[in-house]
Amino acid sequence: MNIENYIRDIQDFPKPGIGFKDITPLLSNPEATSACLELLINTSLQDKKITKVVGVESRGFFFGILLAQKLNAGFVPVRKPKKLPYETISASYALEYGTDTLEMHIDAIQKGDKVLIHDDVLATGGTAKAVCELVEQLGGEIVQMNFLMELSFLNGREKLGNKEIFAAITY
17 MNIENYIRDI
27 QDFPKPGIGF
37 KDITPLLSNP
47 EATSACLELL
57 INTSLQDKKI
67 TKVVGVESRG
77 FFFGILLAQK
87 LNAGFVPVRK
97 PKKLPYETIS
107 ASYALEYGTD
117 TLEMHIDAIQ
127 KGDKVLIHDD
137 VLATGGTAKA
147 VCELVEQLGG
157 EIVQMNFLME
167 LSFLNGREKL
177 GNKEIFAAIT
187 Y
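Here the sequence shown is numbered in the numbering used here, starting from 17 and rising by one per residue.
In structure tokens form, the structure reads like this:
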């Protein structure tokens with residue numbers, strides 16, 4: 017099954033000039049969702065003894081929780097400021113115009129946890145780099161970064177150093 021057939025392009029969203037990759041057709045099809053999950057999990061993740069899967073708000077939650085279940089690992093949500101109820105740590109990152117911030121509970125990752133970071137898309141790498149900072153600040157070991165899609169023309173990998181990266185689809 018070609019999961020790319022279930023990704024819809026929306027022009028000028030969320031603002032003019034942006035081409036948005038909409039994954040809702042993928043999520044609405046159980047067979048495509050299962051095929052995508054198997055593609056994400058078959059990157060030898062089973063052998064990496066992952067203890068935590070970190071999912072990035074909000075589209076990283078969809079497959080992040082499924083990956084955690086398949087790997088028998090805990091799931092850790094990373095959210096925008098003031099969305100998590102307990103004490104948090106934060107990391108900021110640059111946007112096209114300004115900055116944004118992500119937060120994680122201070123007890124979400126334990127020193128030595130083997131962590132898979134999952135998000136829907138790797139674009140410029142700013143969000144992914146901020147999540148790496150959060151995980152590493154708490155003592156986690158990033159085993160792999162896992163994305164549904166990579167927009168390679170935006171060179172996001174360059175911000176992530178030598179991290180192991182897998183993308184199911186590359187544009």
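The C-beta atom is built at its ideal place from N, Cα and C for all residues, glycine as well.
Check, Outcome
"Lys-179 beta carbon less than 7 Å from that of Val-159", "no"
"Spatial distance of Asn-88 from Thr-67 (CA atoms)", "8 Å"
"Contact set for Thr-59: own chain, Cβ-Cβ below 6 Å, skip 5 residues either direction", "Phe-182"
"Spatial distance of Met-161 from Ile-133 (CA atoms)", "5 Å"
"Whole-angstrom C-beta distance between Gly-172 and Ala-144, which should lie under 8 Å", "7 Å"
"DSSP beta-bridge partners of Leu-53", "Paired residues: none, contrary to the question."
"Continuous beta strand (DSSP E) stretch holding Leu-118: start and end", "114-121"
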